[in-house]
Each structure stands twice: as C-alpha cells, then as structure tokens.
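So the sequences go chain by chain: A and B.
Here my numbering is used: the first residue of the first sequence is 219, the next is one more, and so on.
Here my numbering is used: the first residue of the second sequence is 2, the next is one more, and so on.
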Amino acid sequence: MINVEAVYWLIGILFVAWASLIAADSNHPRRWGSSAFWGLLGLCFFYSTWVQAGTAPGWILGVAVLVLVVLASTGLLGHGKHRTSTGPEREAFAKRFGNKLFIPALTLPLVTVILVLVAPVLNIGGTPLLDPKNTTLVALAIGAVAAVVVALLILKPKNPATPIFESRRILESIGWAALLPQMLTTLGILFTKAGVGTAVGTLASGLLPKGSLIAGVLVYCIGMFLFTVLMGNGFAAFPIMTAAIGWPVLVQTFHGDPAIIFAIGMLAGFCGTLCTPMAANFNLVPSALLEMKNKYGVITAQVGTAIPLLAVNIALMYFLAFH
Amino acid sequence: MLVLIGVLLVIVGFAIRLNPLIVVTVAGIVTALLGGMNPAQILDSFGTGFASSRSVTIFVAVLPVVGIIEYFGLQEQAKVLIGRLAKLTAGRVLIGYLAVRQITAAVGLNSIGGHAQTVRPLVFPMAEGAALRRYGHVPEKISEKIKGHSAGADNVGVFFGEDVFVAVGSILLITTFVDTTYHLHLEPLQLALWAIPTAIAAFLIHGFRLLRLDKQLDKEYREYELTAQKETAGEAK
Numbered sequence: 219m220i221n222v223e224a225v226y227w228l229i230g231i232l233f234v235a236w237a238s239l240i241a242a243d244s245n246h247p248r249r250w251g252s253s254a255f256w257g258l259l260g261l262c263f264f265y266s267t268w269v270q271a272g273t274a275p276g277w278i279l280g281v282a283v284l285v286l287v288v289l290a291s292t293g294l295l296g297h298g299k300h301r302t303s304t305g306p307e308r309e310a311f312a313k314r315f316g317n318k319l320f321i322p323a324l325t326l327p328l329v330t331v332i333l334v335l336v337a338p339v340l341n342i343g344g345t346p347l348l349d350p351k352n353t354t355l356v357a358l359a360i361g362a363v364a365a366v367v368v369a370l371l372i373l374k375p376k377n378p379a380t381p382i383f384e385s386r387r388i389l390e391s392i393g394w395a396a397l398l399p400q401m402l403t404t405l406g407i408l409f410t411k412a413g414v415g416t417a418v419g420t421l422a423s424g425l426l427p428k429g430s431l432i433a434g435v436l437v438y439c440i441g442m443f444l445f446t447v448l449m450g451n452g453f454a455a456f457p458i459m460t461a462a463i464g465w466p467v468l469v470q471t472f473h474g475d476p477a478i479i480f481a482i483g484m485l486a487g488f489c490g491t492l493c494t495p496m497a498a499n500f501n502l503v504p505s506a507l508l509e510m511k512n513k514y515g516v517i518t519a520q521v522g523t524a525i526p527l528l529a530v531n532i533a534l535m536y537f538l539a540f541h
Numbered sequence: 002m003l004v005l006i007g008v009l010l011v012i013v014g015f016a017i018r019l020n021p022l023i024v025v026t027v028a029g030i031v032t033a034l035l036g037g038m039n040p041a042q043i044l045d046s047f048g049t050g051f052a053s054s055r056s057v058t059i060f061v062a063v064l065p066v067v068g069i070i071e072y073f074g075l076q077e078q079a080k081v082l083i084g085r086l087a088k089l090t091a092g093r094v095l096i097g098y099l100a101v102r103q104i105t106a107a108v109g110l111n112s113i114g115g116h117a118q119t120v121r122p123l124v125f126p127m128a129e130g131a132a133l134r135r136y137g138h139v140p141e142k143i144s145e146k147i148k149g150h151s152a153g154a155d156n157v158g159v160f161f162g163e164d165v166f167v168a169v170g171s172i173l174l175i176t177t178f179v180d181t182t183y184h185l186h187l188e189p190l191q192l193a194l195w196a197i198p199t200a201i202a203a204f205l206i207h208g209f210r211l212l213r214l215d216k217q218l219d220k221e222y223r224e225y226e227l228t229a230q231k232e233t234a235g236e237a238k
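Dropping the structure here:
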C-alpha cells in the first residue's frame, strides 16, 4: 500500500534537496540560514512520521519548529539569485514546443483525478493500493511525479535535475509562507485546548436577545463568519457556534430545519475563510506563489464577494429553514 | 475569558503587519499558558500539531513540474494561446475558470485545480495574456489585480462548489458532529442539496464582479497612460 507517510517523505526529500542546492550556492546572500531552514523543515517531515505514530516524543519536534520560526523571522532566511531561462529564451522554447507544453500541466490533474476515481477498486490481494484515508493526497503526489516524468520525456532538458533547480526558484519566492499553514493549524489546536471556543460561544449567546428569530439567524451566521475569520477555517467554528446558538435557539426554540440551518451556517463560515489571513493556504500562500507585492491582495480581491454572499446566506436561512 | 487575549494578539499582530509566523507562535504560546498548559505540554503541542498538519504543505510536491514547464516557456505559450482568442478578456478568462472549478468541485473533483497546480502555471498567465492583448502592455498595478483575482476565482470556485458534493470534509463534519451530539440522523445528501442555492449565488456575485473587473482594468489603464504621458511631457520640458 502507498501510505500517506510516503508522500510526506517525498516532500521531506524535496526540502533537503533544495537545502543542499542552497548550501552549494556560494552567491546566496543568506546561504547558511536558508539552507538550515529548508533542511530542518525537511527533517521535520521525516521525524513527524514517528511522532504521528506515537513512537517518538513530540516536544523534540516542537523545539525544531520553534527554531524554524526563529530562522524565518530574524532575517536569516532569504532568497538567492537564480539562473533561469531569460524572456527571449522562453519565447523561443514556447515557439519550439508549442502546445506540447500543456501536456505535463494537464497530466497532473488528470492522473490525480483518475487515481481518486479508481482507488476504491485498486487493490492487491484485498489490500488497497492507495491509503484509503488519504486517497487524494497520495493520488496528487503520484500525479506530480508522473507529470515530472512526462515533462522530462517531452522537453528533454540537458540536465535531468532541471525540475529541482527550477522549483527551488519558486520555493524561495514563497519563503517562510510555506510554513505558515501548518503553524496556523497548530494555533487552532492550542486555541481549542485552551478553551477559546467556549469563551467565544458564551460571548455570542450573551449577545443574543431572547425570542427573536431574525436575531438568532444573524448571530449564528455572523458568528460563524467572524469566528472563521479568527480561526482560519469553518471547521473549528461550526461545533462551537452550533452548540451556542444553532441547535438550542434555531432548531429547538424556533423549530427550524436542521439540514438547512447547518448547511447554510457552514457556508456563512466559508465567506469568512475568504476574508482572513489565518487561512494562509488559501489566501497568503497564493500571493507568495504568484509573487505579489501586496501579501493581502488575494483577500482584497475576495472581500467584495464574501460580504454580499454572507448577506445572501442569512436571507436564505431565514426564508428557507423556518415554516 | 482570559484566553481571548490570544485572539486579540493575533488581530493586533496581523493589523500592524508583524511577521505572521511570529504572531502565530507568540499567540499560541500565550494562549496555551493562559489556558493552564505547562512549557513541556506546549512544546509537545507544537510538535504534534506540525506532524498532524503536514497535508496542507502538499503543494510543495507540485513545484518541480511547475518549475520545469515554466522554464520551457509555459506561461509565454499560455499568453500566445489566449492572444489568438480576440473575444477573451481577463475577466472572461476568470469567469470561465470559476465555472470549471465550481462544477468539477461539485462532482467531487476538487483535486483538479489549485494555486500551485493551475493558478500559477495556467490561469494567471492566460488572464494576463488577455490583458496584454487588450492593452499591449500590462503595468504592475494591473498585473497585481489580475493575480489577486486569479487566486480568488480558484478559492470561490472550490469553496462553493465542493459543498454540493456529498463526500466532502465539511459535509461529513456536520453530519458526524450533529448526529453524535444531538442524536439526529442527517443525510449528507440533504446538506449537499441545501448548499446549491448558495453555490448559485456565489457564481452570480463573483461572476458579476469579474465582468466589472474588465471595466476597472480599462479605467486603471487609462489612468496609467495619462500619468505616463504627463511624465514624458515633463521630461520634454
């Protein structure tokens, strides 16, 4: 079986490879800090396997993670100058290869989707070939490897390590933002353990005037929105807002249809995801990936949709869920 | 209530634009201390939190293929391709992508796109290519706006498409949580059904904004040309 841990090891190997390239680059302005950061991050991906299995102590990994944060936020991490193809070279390549260039780009989603679809029947002697709990992740990793192979076959670069050299360029432009999504998940866990959720829930139900349906719908939807903005995802907000208002007020007191209330409540939370830097993998990683000047440019583009859509969700819940 | 100080730290930290990594780490430590955890438990939480959240860093696995095809001119080719289609504008390219992303996510294919997989190598170059054809030159301000909206179309499409599919994480979270906590028996299909009105509204609102984006870009380009003219006139004196 191809386990999800194999995928994490692949990522770990990539980080270590990029770290070695940086260490070998004597023109890199932050040569040692940067190679230490990416190398340690790679090692953390390996070590995590045993932490996840419960056979190695988590605190060692915790220390390593804090070291990563220090490296990234004290200016020891930087990015180097890369020799890549120039504009005219790229135009010449584009003329030569034409639409063949799209084949590797399309191989990735195609292989991923096909694997996800056939995964349930792929098995060897009853053991599933792809980790059934993480099919998409495993399929995506296999799709990525297949796409690299296809690209090498079609484009035949002089150096077969070109994918690694060129991806280092993209990785360095992402920089510390690559670590942020995982740190935010950790923050969410700490918030939950420390009882932030219950405190917000108490606060929200304290705000609610008794006996008003519209107020209940408003506090539930806006609460989902705001709480999602704070936590970075609707999943953390949902159980708390539902326990505070969704269930006791909207379902039990006003006899609303639970399926409608919960489905739309979650979607009100998704409007919050569009507006928050806490959802780093959706809002900050892309701005790094696209090398934007304004880190918050993606959020700026989305707020104008999120707010009217929140209003639509409130209206839909109010008019559809209560008869 | 004291634990909410951690939340406040996050808001203030992001507002004054400190490095988000520091903000998140400090807020986590402060919240954990206020919540009564000891330093050993906090370190352990950072470790187990990292180990269990590695899946969000999966985008890294896609970078090698994106790197090599960009080296060989994928973005340039995407621009050439779009340049041939005269009717396409940046806004229309993005509406097309929004529709594809939302529909594929609604049938469970949300792994088909993503910021590393499709937005950087394909969607953004195509949208920028359309702007290049229209204006002959894409100033940075316009490029930034197209970048933001390229990522935005992906997010809106996947968020409000995937919930129409029954086997998605958020739907299963709702059913597991309410079924175990309140002893209900909700069918995932019912929840998916009630996500459809919002999905349609999301497409209409975001699609309308993308249509208006073309007008905004036109306006910004005129302003850009005006200032550029003034600058050259100034030099001529």
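Glycine included, every Cβ here is placed at the ideal spot set by N, Cα and C.
Secondary structure note for B:Asp45: its alpha helix (DSSP H) is the uninterrupted segment Pro40 to Ser53. In the structure shown, A:Thr345 adopts extended strand secondary structure according to DSSP, grouped into three states. B:Ile17 carries a coil assignment under DSSP once its states are collapsed to helix, strand and coil. At a cut-off of 9 Å between beta-carbon atoms, B:Leu110 makes contact with chain A. A:Arg314 and B:Ile143 have their C-alpha atoms roughly 30 Å apart. One thing to note: B:Val63 has its Cβ no nearer than 9 Å to the Cβ of A:Ala396. With respect to chain A, the C-beta atom of B:Ile104 has no partner C-beta closer than 9 Å. The CB of A:Val281 comes closer than 7 Å to the CB of Leu44 in chain B, given here in chain order. Take A:Val437, set aside five residues on each side of it, and the residues of its chain with a beta-carbon closer than 7 Å to its own are Ala422, Leu425, Leu426 and Ile463, in chain order. By the Cβ neighbour-count rule, A:Glu390 is buried, with 16 or more other Cβ atoms within 10 Å of its own. No residue range can be given for A:Met219, since it is assigned to no alpha helix (DSSP H) and is classified by DSSP as neither H nor E.
Nearest to B:Phe51 by C-alpha distance, out of A:Met219, A:Asn221, A:Cys489 and A:Thr403, is A:Thr403. Across the structure, A:Ala506 and A:His541 are spaced so that their CA atoms are roughly 47 Å apart. In this chain, the alpha helix (DSSP H) harbouring A:Glu390 covers Thr380 to Ile392. The beta carbon of B:Tyr98 lies closer than 6 Å to those of Val124 and Ala154 in the same chain, with the five residues before and after it left out. Around the beta carbon of B:Leu9, fewer than 16 other beta carbons lie within 10 angstroms, which makes this residue exposed.
Rounded to the nearest angstrom, the gap between the Cα atoms of B:Pro140 and B:Glu71 is 21 Å. Scanning chain A for C-beta atoms nearer than 9 Å to the C-beta of B:Val120 yields Pro504, Leu507 and Leu508, reported in chain order. Comparing C-alpha distances from A:Val225 to each of B:Gly74, B:Arg55 and B:Leu44 shows the shortest one belongs to B:Arg55. Near chain B, meaning a CB-to-CB distance below 9 Å, the residues of the segment 373-395 of chain A are Leu373, Pro375, Thr380, Pro381, Ile382, Phe383, Glu384, Ser385, Arg386, Arg387, Ile388, Leu389, Ile392, Trp394 and Ala395. At a cut-off of 9 Å, the C-beta of A:Ile463 has no neighbouring C-beta in chain B. Straight-line spacing of the CA atoms in A:Cys439 and A:Gly450 works out to 16 Å. One thing to note: B:Asn156 has its Cβ within 9 Å of the Cβ of A:Leu492.
The straight-line gap separating the alpha-carbon atoms of A:Leu284 and B:Thr26 is approximately 8 Å. The Cβ of B:Phe166 sits no closer than 9 Å to any Cβ of chain A.
Contact between the segment 323-339 of chain A and the segment 398-416 of chain A is not established, with fewer than three Cβ pairs separated by less than 8 Å.
Close to chain B, meaning a Cβ-Cβ distance shorter than 8 Å, are the following residues of the segment 486-499 of chain A: Phe488, Thr491, Leu492, Pro495, Met496, Ala498 and Asn499. A:Trp250 counts as exposed, since fewer than 16 other C-beta atoms from the protein chains shown sit within 10 angstroms of its C-beta. Counting the other CB atoms within 10 Å of its CB gives A:Ala254 a total of 16 or more, which places it among the buried residues.
Straight-line measurement puts the Cα of B:Phe160 at about 28 Å from the Cα of B:Ala28. Annotated three-state conformation of A:Leu502 is coil, per DSSP.
Contact fails between the segment 268-275 of chain A and the segment 35-43 of chain B, because fewer than three Cβ pairs, one in each stretch, are under 8 Å apart. Residue burial is scored here from C-beta neighbours: B:Glu145 has at least 16 other C-beta atoms within 10 angstroms and is therefore classed as buried. DSSP, reduced to helix, strand and coil, places A:Cys493 outside both helices and strands of the structure shown, so it counts as coil.
Under the three-state reduction of DSSP output, A:Pro457 falls in the helix class. Between the segment 233-240 of chain A and the segment 374-386 of chain A there are three or more C-beta pairs closer than 8 Å, enough to call the two in contact.
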